[in-house]
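Participant: Residue numbers (the working numbering), protein chains in the order written: chain A, 1 to 356; chain B, 1 to 356.
The following block contains the structure, expressed as structure tokens.
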């Protein structure tokens, strides 16, 4: 067994948008040479100006090509890149079977390994880019059956170099996985949010944190989500059809007042929330929420976190309650269960108003 | 026009669970006498031990009775309370037309004004209670057509005394409003979470913040939600039927690859997220997210918030990214758009790794 090839560059990045420029910045941070191209001269100028690399020139050699163009253009761009040199080629699109279908018969397809960093932003373009975009995120690496193992290893090294955690899946598994963990939640959040669009203002005044959480993702860019959903239509349709079956059961249960049937559906939902892995990829650790009333003024949150820090309890998550009303926020600190009582008692002794 | 009656007590609270005991504690904080009862002797002992009031005795008089029993028992308990004295009676159940139907023909019904504080906790029972539970929350006050205006004013005063913001609606409007802003989001989150319950672990490893936000509420107690949903069956069914229609359109659009039809549904979702009122009940103010990489260690969040506090920017909301992976958290600070650039530049100058 030979050693896996090291990623030494140059790295060519095609598409200087949010993802492409962020990957370029991360490669530059690691000292690699980066060669950039984009159909938009302005994006290219911005990205090179940010220090993400230099414009690609004829005759340049490269070890790895990263294709970071919109979903609709992935297949053609990957094929062109495979033909242009002997470099390994990856892409960072959110769907993996579609681009593969488009390049399956290319002579260099063994050098193609699709991937998908689970990171993004509600903003787009090179100005929104950051070398830190991928820190701590999963990065799916989805090789097809005849991919060169060295090419797979090189793409996994790119993920690690960007600060991400490579997660290996087949292209088919990947697309089923994101349909379930990303596309379906997005589409059902859209349906819930759609019911709010023409609701009377007096009704919306009762909105609490729950509906805000459920609908937040539905604010995402429709033009991008059109491409994502239609690009993964088969997997998405399978899940939507399952949901329609469950929705029919739900309508039947509510219509008939059948508490048992309703209870079974609700219990399955609870099981689903418990199936999502915990923060550091391991099994979910038991946590508990501690609520603290905080005046909505600059500095008050700082004082709270300074106190929590001195108390020495690690905060796993934070939510700030957005309910309309007076300018007193309710801050939810999620901590490991074992430390919750100590945190509560210590915050109270420092004058904070808490509840459990 | 006479002055509205002042809430001076005594206040009787029937049901010493989370809500009842929290209301009792808030009334005690305001110096009112509180009389407690509960079918569970242990709950009653716990609540009185917490200083929430004393046990009700025969011959006690009261100005206001608060019924805080489980949904299934509201009607009968309100009727008994109306017959037992001349006091104003309210309840704090999450559905308002059902209890009203049960007491509509009682002689004292003019003294009954249903209400519903939009607050709760994933915990229950008197030990989870807090006088601060309602701070800054909406509190629906839902008088029927022949309710005594003085009784309505008294219940609104209770809401304010508990730190909440009264929102007046008819009982029918209330039930439609919570079906839309609470029960429907809950049920669709349950359906999304249900699809995760038996997903392969490798697929769930790609879970990001989106699916966590969408499914969080689905972890709520099935026994309570059974009662809530069946108690508001008519309004919930109407919305579920609307959603089924939209889901059919969605399945059609994805199946046919119709981007226009899909785009229209996605755009309606965006409009819905924008319809939810902003933090302080006014129109939503433009905000922007600032991302900061934070080592997952006690004290690091404190340092971040201390720095943000010194910079003088008010933080509207915080999210900590839970992606599996390395122990570096990505913290999203939501701030008013006008202050975002200043915050970014100032955090960077203090050595934080940010991105936009």
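For every residue, glycine included, the Cβ atom is placed at its ideal position computed from N, Cα and C.
Within 8 Å (strictly less), CB to CB, does residue 182(A) reach chain C?
Facilitator: No chain C is present in this structure, whose protein chains are A and B.
Participant: Is residue 12(A) buried or exposed, if buried means 16 or more other CB atoms sit within 10 Å of its CB?
Facilitator: Buried.
Participant: For residue 314(B), which residues from the same chain have a beta carbon less than 8 Å from its beta carbon, with the 5 sequence-adjacent residues on both sides left out?
Facilitator: 335, 336 and 339
Participant: Need the endpoints of the beta strand (DSSP E) that residue 287(B) sits in, please.
Facilitator: 287–295
Participant: Residue 18(A) and residue 128(A): beta carbons closer than 8 Å?
Facilitator: yes
Participant: Consult DSSP for residue 333(B) and reduce its assignment to one of helix, strand or coil.
Facilitator: Residue state, collapsed to three classes: strand.
Participant: Any beta-carbon of chain B closer than 8 Å to the one on residue 203(A)?
Facilitator: At least one CB of chain B lies nearer than 8 Å to the CB of residue 203(A).
Participant: For residue 32(A), which residues in the same chain have their Cβ closer than 6 Å to its Cβ, ignoring the five residues on either side in sequence?
Facilitator: 9 and 11
Participant: Among 247(A), 235(A) and 90(A), whose alpha-carbon lies nearest the alpha-carbon of residue 255(B)?
Facilitator: 235(A)
Participant: List in chain order: all unbroken beta strand (DSSP E) runs of 3+ residues lying wholly within the stretch 127–197 of chain B.
Facilitator: 138–142 and 165–168
Participant: Is residue 106(B) helix, strand or coil when you go by DSSP?
Facilitator: coil
Participant: For residue 63(A), decide whether its Cβ has a neighbour in chain B, counting only Cβ atoms nearer than 8 Å.
Facilitator: no
Participant: Look at the alpha carbon of residue 233(B) and the alpha carbon of residue 116(B), and state the distance between them as a whole number of angstroms.
Facilitator: 18 Å
Participant: At a Cβ threshold of 8 Å, is residue 346(A) touching chain B?
Facilitator: No, no contact with chain B.
Participant: Hey, which unbroken runs of the alpha helix (DSSP H) at 4 residues or more fall wholly within the stretch 204–248 of chain B?
Facilitator: 209–215 and 222–231
Participant: Specify whether the stretch 99–108 of chain A and the stretch 74–82 of chain A touch according to this definition: at least 3 beta carbon pairs, one from each stretch, less than 8 Å apart.
Facilitator: By the Cβ rule, the stretch 99–108 of chain A counts as touching the stretch 74–82 of chain A, because three or more pairs are nearer than 8 Å.
Participant: Indicate the three-state DSSP secondary structure (helix, strand or coil) for residue 55(A) in the structure shown.
Facilitator: DSSP, read as helix, strand or coil, puts residue 55(A) in strand.
Participant: Anyone know if the C-beta pair for residue 276(B) and residue 196(A) falls short of 8 Å?
Facilitator: Cβ atoms of residue 276(B) and residue 196(A): closer than 8 Å.
Participant: Over the uninterrupted beta strand (DSSP E) stretch that includes residue 66(B), give me the two end residues.
Facilitator: 64–67
Participant: Comparing alpha-carbon positions, which option in 295(B), 161(B) and 69(B) lies nearest residue 40(B)?
Facilitator: Distance from the Cα of residue 40(B) is smallest, within the candidate group 295(B), 161(B) and 69(B), for 69(B).
Participant: Any idea what DSSP makes of residue 444(A), helix, strand or coil?
Facilitator: Summary: the structure shown does not reach residue 444(A), with chain A confined to residues 1 through 356, and so no result is reported for it.
Participant: Quick one: complete beta strand (DSSP E) runs, 3+ long, within the stretch 8–61 of chain B?
Facilitator: 11–14 and 34–37
Participant: Would you call residue 201(A) buried or exposed, if buried means 16 or more other Cβ atoms sit within 10 Å of its Cβ?
Facilitator: exposed
Participant: Please classify residue 63(A): is it buried, with 16 or more other beta-carbons within 10 angstroms of its beta-carbon, or exposed?
Facilitator: Flag for residue 63(A) reads buried.
Participant: Using 10 angstroms around the beta-carbon of residue 140(A), count the other beta-carbons present and answer buried if the total reaches 16, otherwise exposed.
Facilitator: buried
Participant: Please report the Cβ distance between residue 188(B) and residue 192(A), rounded to the nearest whole angstrom; I am assuming they are in contact, meaning their Cβ atoms lie under 8 Å.
Facilitator: 5 Å
Participant: Cutting at 6 Å between CB atoms, please list the residues of its own chain near residue 150(B), excluding the five before and the five after it.
Facilitator: 5
Participant: I need the straight-line Cα distance from residue 97(B) to residue 145(B), nearest angstrom please.
Facilitator: 12 Å
Participant: Taking CB distances under 8 Å as the criterion, tell me whether residue 287(A) reaches chain B.
Facilitator: no
Participant: What span of residues does the beta strand (DSSP E) with residue 114(B) cover, start to end?
Facilitator: 114–117 is the span of the beta strand (DSSP E), which, as asked, contains residue 114(B).
Participant: Any C-beta of chain A within less than 9 Å: which residues of the stretch 122–137 of chain B qualify?
Facilitator: 122, 123, 127, 128, 129, 130, 131, 132, 133, 135, 136 and 137
Participant: Using CA coordinates, which residue listed in 219(A), 308(A) and 300(A) is at the minimum distance from residue 300(B)?
Facilitator: For the options 219(A), 308(A) and 300(A), the alpha carbon positioned closest to that of residue 300(B) is the one of 308(A).
Participant: Can the beta-carbon of residue 15(A) be found less than 8 Å from the beta-carbon of residue 38(A)?
Facilitator: Judged by beta-carbon spacing, residue 38(A) lies within the 8 Å limit of residue 15(A), meaning their Cβ atoms are closer than that value.
Participant: Are residue 246(B) and residue 194(A) touching if we call contact CB-CB under 8 Å?
Facilitator: In contact: residue 246(B) and residue 194(A) (Cβ atoms closer than 8 Å).
Participant: To which residues of the same chain is residue 288(A) closer than 7 Å at the C-beta, ignoring the five residues directly before and after it?
Facilitator: 335, 337 and 340
Participant: With residue 259(A) as the anchor, note down where its alpha helix (DSSP H) starts and where it stops.
Facilitator: Counting along the chain, the alpha helix (DSSP H) containing residue 259(A) begins and ends at 259–275.
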